[in-house]
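Just so you know, the protein sequences line up as chains A and B, in that order. Adding 619 to a residue's 1-based position in the first sequence gives its number in the numbering used here. Adding 619 to a residue's 1-based position in the second sequence gives its number in the numbering used here. A virtual CB, placed ideally from N, CA and C, is assigned to each residue, including glycine. All values derive from a computational prediction rather than experimental measurement. Right, one structure below, let's go through it.
Number of protein chains: 2
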Amino acid sequence: MITKQSVIGIVGLGVLGGSYAQALHSAGYENIIGFDIDSEALQYALENKWIKEGTEDPERAIECDLLIFCLYPGVFAKWIRENRSHLKDDVLISDVTGVKRAVLNQINKDLPKSAEFIACHPMAGRESKGIRFADAGRFQNANFIIVPTENNTPKAIETMRQLAQDMGFRRITCLSADEHDRMISFLSQLTHVIAVSLMNANDNTNLAEYTGDSFRDLTRIARINEDMWPELFVLNKDFLIQDIDDFIRELETFREMIQKEDTEGMKQKMILSTERRQMFDGKEKK
Amino acid sequence: MITKQSVIGIVGLGVLGGSYAQALHSAGYENIIGFDIDSEALQYALENKWIKEGTEDPERAIECDLLIFCLYPGVFAKWIRENRSHLKDDVLISDVTGVKRAVLNQINKDLPKSAEFIACHPMAGRESKGIRFADAGRFQNANFIIVPTENNTPKAIETMRQLAQDMGFRRITCLSADEHDRMISFLSQLTHVIAVSLMNANDNTNLAEYTGDSFRDLTRIARINEDMWPELFVLNKDFLIQDIDDFIRELETFREMIQKEDTEGMKQKMILSTERRQMFDGKEKK
């Protein structure tokens with residue numbers, strides 16, 4: 620079991636890794652080692668006392684009881700391939716990546732049998748990059764999703780649940796990798812594809828002075844981390860393409876109603892969307 | 620010229636008509652008559668002293684120097700057709716409708732030559748219906764657009780500019796009907812079509828507990844007034860269908876990039892959307 624005295628390695632001190640270090644330090648975890656090739660990120664975390672030590676050296680992973688990878692999926696997989704010999708026996712490994720089926724397949728393929736990988740997704744993303752934007756306070760309104768497989772032990776699941784609770788997440792749940800990736804495709808990936816495409820459909824920047832709330836709401840996430848999202852889209856492309864196709868089909872149905880001046884049909888669509896959205900509002904309040 | 624003592628008729632005391640009455644009353648206009656077939660709406664406006672008198676009788680329009688129609692376009696056109704004989708000579712007529720080419724054509728066709736129609740669009744819409752949701756405070760962050768034609772006098776334009784200023788609108792501009800309808804199609808109508816279609820594409824209400832900011836932002840306006848929007852969509856259908864088609868084309872381009880795993884292409888799309896959105900943010904701050 621992981622205790623407050625266990626050695627926890629956080630690999631990748633970006634905005635999310637930094638927030639993890641901050642949250643775990645605040646919760647009383649005493650032995651956090653930060654791993655990063657960026658000495659400024661290490662320095663920043665040390666100055667804030669979020670980590671006890673900072674290092675560029677992956678070989679020091681051998682000291683860690685728990686390693687949490689806060690890296691983009693490809694970099695995470697490469698790290699495991701290259702450094703699998705530097706892992707402590709019985710090490711617990713976790714992550715923060717936004718897609719799960721592909722990451723689980725890749726990591727479990729390369730990991731030594733003595734290590735256990737328990738996949739997790741803290742749903743507290745933000746577009747800003749870098750540890751200077753780290754803010755563990757954001758976890759308080761966020762979901763933490765644990766994605767166990769049949770290879771995981773109850774102890775590993777319980778460890779991550781405890782850690783998420785200590786970091787202050789609002790709601791901690793378990794989903795299968797399939798359920799997780801379907802959910803993320805619809806709620807997060809599709810919405811980002813829509814926002815980017817709406818912003819790019821026309822050069823309407825001359826209209827900026829007329830924007831009201833609706834356009835602002837729909838394009839807020841068109842400011843997007845272009846280094847991270849394309850990789851996540853590709854790793855979830857079966858579900859995401861299905862969702863894009865369903866959405867386009869629905870748009871085309873509505874377009875035909877406008878074309879045919881079918882106001883009654885549009886009205887029914889709007890009554891349905893209003894009802895559904897009200898259900899979301901209701902659940903948000905909980 | 621309209622003065623604080625002129626008789627101003629507000630036809631339709633819904634959320635927007637009520638807000639107009641409230642704002643004009645606060646600005647010191649003394650002789651506001653409210654027209655509505657709903658006696659409770661009249662009563663509410665009277666109790667709040669937003670209007671001096673309330674009536675169901677359209678014949679009393681003959682007393683008004685200025686008539687502001689806060690009705691859906693079809694009801695507005697019907698009122699003019701049926702009550703054109705009850706208009707004072709030289710009356711100034713204005714409106715609040717969200718599309719302009721169709722409304723201008725219809726109203727100017729039916730209006731007596733002695734009346735002048737100056738079309739306006741206060742961009743302060745909200746989904747809630749009825750005078751009890753009236754709130755003139757919302758005008759302070761809103762655009763007011765005057766849509767003059769070659770038939771309008773400078774005096775009429777100046778009158779509406781003064782009125783909008785007195786009601787506290789943040790920014791008052793003039794656009795042609797064509798410019799207005801193009802802008803509204805892209806910034807407001809397309810965004811509502813997207814929100815409704817995203818909400819309806821799948822029954823994903825079971826996912827409500829996992830929603831983060833992005834899905835919430837994109838579907839907020841899926842709670843929509845189903846009595847008003849279908850009519851506005853039909854009256855602007857040429858521009859709106861063009862915008863839907865452009866958006867679907869952009870979505871399909873992005874979909875192909877995901878399919879082909881063209882991460883570099885997606886990255887360029889995201890850099891563009893981020894740049895454009897930043898320009899919108901910059902202009903919003905002004």
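Asked, Found
"Does the distance from the CB of B/Pro692 to the CB of B/Glu798 come in under 8 Å?", "no"
"If we cut at 8 Å on Cβ distances, does A/Asp640 have a partner in chain B?", "Residue identity check: residue 640 of chain A is Ala in the sequence provided, not Asp. No, its Cβ sits nowhere closer than 8 Å to a Cβ of chain B."
"Within 8 Å, do at least three Cβ pairs link the stretch 628–638 of chain A to the stretch 753–760 of chain A?", "yes"
"Quick one: grab the DSSP three-state call for B/Glu903.", "Its pLDDT being 49, under 50, B/Glu903 is placed unreliably in this model, and the value from its coordinates should be taken loosely. The answer is helix: DSSP assigns B/Glu903 an H, G or I state."
"Roughly how many angstroms separate the alpha carbons of B/Asp822 and A/Ser892, rounded to a whole number?", "10 Å"
"Would you please verify whether the beta carbon of A/Glu903 is less than 8 Å from any beta carbon of chain B?", "Its pLDDT being 49, under 50, A/Glu903 is placed unreliably by the model, and nothing is read from it."
"Inspect the CB distances between the stretch 839–854 of chain A and the stretch 877–886 of chain B and report whether three or more fall short of 8 Å.", "yes"
"In the DSSP assignment, what residue or residues form a beta bridge with B/Asp714?", "B/Phe688"
"How would you label A/Val630, buried or exposed, when you count the other beta carbons within 10 angstroms and need 16 or more for buried?", "buried"
"Determine the DSSP secondary structure at A/Met742, reduced to helix, strand or coil.", "strand"
"Spatial neighbours of B/His705 within its chain, please: CB distance less than 7 Å, with the 5 preceding and 5 following residues excluded, ordered by chain position.", "Pro677, Glu678, Ala680 and Ile681"
"Here's the rule I'm using: 16 or more other beta-carbon atoms within 10 Å means buried, otherwise exposed. How should B/Gly647 be labelled?", "exposed"
"What residue ranges within the stretch 743–830 of chain A form continuous beta strand (DSSP E) runs of no fewer than 3 residues, ordered along the chain?", "762–766 and 790–793"
"If I follow the unbroken alpha helix (DSSP H) through A/Gly647, where does it start and stop?", "Element bounds for A/Gly647: n/a, residue is neither H nor E."
"What are the partner residues of A/Ile737, as DSSP defines its beta bridges?", "A/Ser713"
"Taking the beta carbon of B/Arg789 as the centre, do at least 16 other beta carbons fall within 10 Å, making it buried, or is it exposed?", "exposed"
"Below 7 Å CB to CB, which residues in the same chain sit around B/Glu903 once its five sequence neighbours on both sides are set aside?", "Its pLDDT being 49, under 50, B/Glu903 is placed unreliably in this model, and the coordinates cannot settle the point."
"A/Glu666: buried (16+ other C-beta within 10 angstroms of its C-beta) or exposed?", "exposed"
"Who are B/Thr674's beta bridge partners in DSSP?", "B/Phe654"
"Below 8 Å on the Cβ atoms is my guess for A/Leu711 versus A/Glu746; work out the distance and round it to an integer in Å.", "That pair is no contact at about 30 Å."
"Is B/Ile621 helix, strand or coil when you go by DSSP?", "coil"
"Near B/Ile621, which residues of its chain fall below 8 Å by C-beta distance, leaving aside the five closest residues on each side in sequence?", "Ile627, Asp684, Leu685, Leu711, Thr778, Gln781 and Leu782"
"Considering only the alpha carbon of each residue, which of B/Glu675, B/Asp657 and B/Gly653 lies closest to B/Trp669?", "B/Gly653"
"Name, please, each residue of chain A whose Cβ falls closer than 8 Å to the Cβ of B/Leu891.", "Met818 and Asn819"
"Let's see if you can read the secondary structure: which residues bound the beta strand (DSSP E) around A/Ile629?", "Val626 to Val630"
"The stretch 840–851 of chain A: which residues have C-beta closer than 7 Å to a C-beta of chain B, in chain order?", "Ile840, Ala841, Arg842, Ile843, Glu845, Trp848, Pro849 and Glu850"
"Please report the distance separating the alpha-carbon of B/Ile813 from that of B/Arg896.", "18 Å"
"For A/Met742, which residues in the same chain have their Cβ closer than 6 Å to its Cβ, ignoring the five residues on either side in sequence?", "Ala761 and Asn762"
"Is DSSP giving B/Lys697 helix, strand or coil here?", "helix"
"Using a Cβ-Cβ cut-off of 8 Å, state whether B/Ala738 counts as contacting chain A.", "no"
"Please classify B/Leu730: does DSSP put it in a helix, a strand, or coil?", "coil"
"Could you tell me how far apart the beta carbons of B/Ala696 and B/Lys719 are, in whole angstroms, since I believe they sit closer than 8 Å?", "Not confirmed; about 13 Å, so no contact."
"Among residues of its own chain, excluding the 5 on either side of B/His644, which ones have a beta-carbon nearer than 7 Å to its beta-carbon?", "Ile651, Lys668 and Trp669"
"How do the stretch 727–734 of chain A and the stretch 817–836 of chain B stand: do at least 3 beta-carbon pairs fall below 8 Å, yes or no?", "no"
"Which residues of chain B have a Cβ atom closer than 8 Å to the Cβ of A/Leu806, listed in chain order?", "Asn823, Leu826, Tyr829, Thr830, Gly831, Ser833 and Phe834"
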